[in-house]
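Below: the structure, in structure tokens.
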Amino acid sequence: MTALLLAFVAGLLIGYIARPFTDQLAAGDQAEAVALNEPVATDEPEPTDAQPQPAADAEEPIATTGDEAPMLITPTPDRSEAIAALIEQNTRHFIGDEDAPVTLIEFSDFM
12 MTALLLAFVA GLLIGYIARP FTDQLAAGDQ AEAVALNEPV ATDEPEPTDA QPQPAADAEE
72 PIATTGDEAP MLITPTPDRS EAIAALIEQN TRHFIGDEDA PVTLIEFSDF M
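What follows is the structure in structure tokens.
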């Protein structure tokens, strides 16, 4: 049991001391790998399997899934006003004028 504890402590110390050296070695290996993987220029164009994209200013967003017909994607409605009204209805601790132009709502999870 003592030998196991000594081996564990020795491993921690060696790892703590050797860590900066392994980081330097890893950084050198990464730089070398990047230098070796530089793209080679060729005269042949790359094949493209991409489908044509709809224009950015299209009125209706369209998505396609494989060979199926395109389907319409409707944007999600903005429900922030409805959520704020619901929270305001369920809140009991108002301070100040109820008709103020600005309403601050504070949330807390403290019970």
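Numbering-wise (the working numbering), the sequence shown opens with residue 12 and increments by one.
Idealized CB from N, CA, C, for every residue including glycine.
{"Item": "Contact check, glutamate 170 vs threonine 114 under 8 Å by CB: the rounded distance?", "Value": "Outside the displayed span of the chain (12 to 122) sits residue 170, for which this structure offers no information."}
{"Item": "Work out the CA separation of proline 88 and isoleucine 94 for me, nearest whole Å.", "Value": "12 Å"}
{"Item": "Find out if the Cβ-Cβ distance for the pair isoleucine 84, threonine 102 is shorter than 9 Å.", "Value": "no"}
{"Item": "Tell me whether leucine 115 sits in a helix, a strand or coil according to DSSP, three-state version.", "Value": "coil"}
{"Item": "Could you check where the alpha helix (DSSP H) with glutamate 99 kicks off and where it finishes?", "Value": "91 to 100"}
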